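>
Here is the structure:
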């Protein structure tokens, strides 16, 4: 992802006492649960989370309306920090409003969610970024599902199809990938985060009947599968290609500890992306890759007991280094979906990992108190540790994927009853 130029200091990692509290919270929920991977206690936990989210985001919404041309991003030193329209994070706040509407069933969220979604209209022809899936689909796409006919669906779809066309313009057939950044320091950079934007293209083919969008998504997923992954299933953050020959030229990191380290949110993006591409294509290569990534995560010796990863699996100073609650939220959402498509042993493993992540994120160690944290839900996110940006802060995308994971887990509970 691209980031704003706001500078942040590096605060300490979450206190050990807070993490101990999280462990006690996890144990208390697990001890009374009738089923290791869910049950009525998780149903209550999810309901309570959405009740809390509605109250907490009312605080954030009131503050956000003071600058309606800016989008909530994080909170620091008592101030809400926002992003301008062309920043990659702008779709998560409207998307979270839609997820709260879906999770609570309260139609009062339709109006603010629709209002904030429509403020993204200026992005519909913006071809200067690969992040249009985050920026448009997380808002308009989530709204189409959550609004239940309470929005102008024709207009929402028109914006999305324009955006998909803009995103597709970044595809280079010689490389077989969508270009990530337009920075001159690299000839043709592709980051693992870009897997998350492929769902948008798959939707565009399903909606329009034009196979080109889905074909681009498949080509990009194949190219990433061939070049982004190590033998152990972990992912590089960045691979640069020769734009003429399509050959990979450099593999390194941008937000991780080192070029050969496993940046935690990068592993989360990869897990989510290949799980989603399996759903969209039913290509077994994608399911196998999702499982390889999942096994790297769940069996890693440095994945903490509460399943909320450190910002990088290879970060120096573990355990005295920041966690990334956003990575845990993304992982949880992906694990829940993946659990429906694998053998029983792996299904139990992934569902249980997601459960423990959600319970941890719902605990006082990671979830803010009502009225605090600027109205954001989760604490202890890590945006860009090497550059000191958004370290130990709430992150708008952490909240979005936390809410999505809660909805997915609730749906899973409904299937198992």
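Numbering (my numbering), first residue to last: 1 to 417. For glycine and all other residues, C-beta sits at the position ideal for the given N, C-alpha and C. Small disclaimer: the values here were computed from a predicted structure and weren't measured.
1. So who's on the other strand from residue 83, going by DSSP bridges?
2. Can you tell me where the alpha helix (DSSP H) with residue 167 in it begins and where it stops?
3. Under a three-way DSSP split, which group does residue 299 fall into?
4. Counting pairs of beta carbons, one from the segment 378-393 and one from the segment 254-262, are three or more of them closer than 8 Å?
5. Quick one: Cα of residue 353 to Cα of residue 332, how far?
6. Could you tell me whether the Cβ atoms of residue 289 and residue 274 are closer together than 8 Å?
7. If residue 220 and residue 178 are in contact, beta carbons under 8 Å, what's the gap, nearest whole angstrom?
8. Cβ of residue 264 within 8 Å of Cβ of residue 309?
9. Give every residue of the same chain whose Cβ lies closer than 6 Å to the Cβ of residue 239, excluding the five residues on either side of it in the sequence, and list them in chain order.
10. Less than 8 Å separating the beta-carbons of residue 57 and residue 375?
11. Measuring only the C-alpha atoms, how far is residue 92 from residue 139?
12. Could you tell me which uninterrupted beta strand (DSSP E) segments, each at least 3 residues in length, are contained entirely in the segment 181-210, listed from first to last along the chain?
13. Helix, strand or coil: which one does DSSP assign to residue 306?
14. Mark residue 45 as exposed unless 16 or more other C-beta atoms lie within 10 angstroms of its C-beta, in which case mark it buried.
15. Where does the unbroken beta strand (DSSP E) through residue 390 begin, and where does it stop?
16. Below 6 Å CB to CB, which residues in the same chain sit around residue 266 once its five sequence neighbours on both sides are set aside?
17. Which term fits residue 416, buried or exposed, when burial requires 16 or more other beta carbons within 10 angstroms of its beta carbon?
18. Return yes when the Cβ of residue 367 is within less than 8 Å of the Cβ of residue 358, no when it is not.
19. Can you check DSSP and say which residues form a bridge with residue 235?
20. I'd like the span of the alpha helix (DSSP H) that includes residue 101, first residue to last.
21. Assign residue 44 to one of three DSSP states: helix, strand, or coil.
22. Residues in the same chain with beta-carbon distance under 7 Å from residue 172, minus the five sequence neighbours each way, listed in chain order, please.
23. In the DSSP assignment, find the alpha helix (DSSP H) that holds residue 383 and state where it starts and stops.
24. Give the straight-line distance between the Cα atoms of residue 313 and residue 322, rounded to the nearest whole angstrom.
25. Less than 8 Å between the C-beta atoms of residue 75 and residue 394, yes or no?
26. Between which two residues does the beta strand (DSSP E) holding residue 260 run?
27. Is DSSP giving residue 415 helix, strand or coil here?
28. With respect to the alpha helix (DSSP H) encompassing residue 65, which residues constitute its N-terminal and C-terminal limits?
29. Which residue's Cα is closest to the Cα of residue 230: 292, 205, 176?
30. My guess is that residue 72 and residue 60 are in contact by the Cβ rule of under 8 Å, so how many angstroms apart are they, rounded?
31. Taking only three categories from DSSP, how would you classify residue 313?
32. Expressed to the nearest angstrom, what Euclidean distance is found between the alpha-carbon atoms of residue 113 and residue 349?
Walking through what the data contain:
1. Residue 83 pairs with 71.
2. For residue 167, the enclosing alpha helix (DSSP H) begins and ends at 153-168.
3. Residue 299: coil per DSSP, three-state reduction.
4. Judged by pairs of C-beta atoms under 8 Å, the segment 378-393 touches the segment 254-262, as three or more such pairs exist.
5. If I take the Cα positions, the gap works out to 7 Å.
6. When the beta-carbon positions are compared, residue 289 and residue 274 come within less than 8 Å of each other.
7. The pair is a contact, with the Cβ atoms about 5 Å apart (cut-off 8 Å).
8. Going by C-beta atoms, residue 264 is nearer than 8 Å to residue 309.
9. Same-chain partners within the cutoff: 190, 227, 228, 248, 251.
10. Taking the C-beta atoms as reference points, residue 375 is found nearer than 8 Å to residue 57.
11. A straight-line Cα-Cα distance of about 7 Å links residue 92 and residue 139.
12. With a minimum length of 3 residues, the continuous beta strand (DSSP E) runs that stay inside the segment 181-210 are 189-191.
13. Residue 306: coil per DSSP, three-state reduction.
14. Here residue 45 is buried, its C-beta having at least 16 other C-beta atoms within 10 Å.
15. If you look at residue 390, you'll find it in the beta strand (DSSP E) that goes 389-393.
16. Here the set comprises 192, 235, 237.
17. Per the 10 Å Cβ criterion, exposed.
18. Their beta carbons are not under 8 Å apart, which means residue 358 does not touch residue 367 by this criterion.
19. In the DSSP output, where bridge partners are listed per residue, residue 235 has 229.
20. It spans 92-104 - the alpha helix (DSSP H) in which residue 101 sits, taken as one unbroken run.
21. If DSSP states are grouped into helix, strand and coil, residue 44 belongs with the helices.
22. Scanning its chain for C-beta atoms nearer than 7 Å, with the 5 sequence neighbours on each side dropped, one finds around residue 172 the residues 179, 188, 243, in chain order.
23. Counting along the chain, residue 383 falls outside any alpha helix (DSSP H), though it belongs to the beta strand (DSSP E) covering 381-384.
24. Answer to the nearest angstrom: the Cα atoms are 11 Å apart.
25. Against a cut-off of 8 Å, the Cβ pair of residue 394 and residue 75 comes out as a contact.
26. It is not in any beta strand (DSSP E) - residue 260 carries neither H nor E in the DSSP assignment.
27. Secondary structure of residue 415 (DSSP, three-state): helix.
28. Looking at the DSSP string, residue 65 is not in any alpha helix (DSSP H), and its letter there is neither H nor E.
29. If we check each option's Cα against that of residue 230, 292 comes out closest.
30. Right, the Cβ-Cβ distance comes to about 6 Å (below 8 Å), so this counts as a contact.
31. If DSSP states are grouped into helix, strand and coil, residue 313 belongs with coil.
32. Between the C-alpha atoms of residue 113 and residue 349 there is a straight-line separation of about 35 Å.
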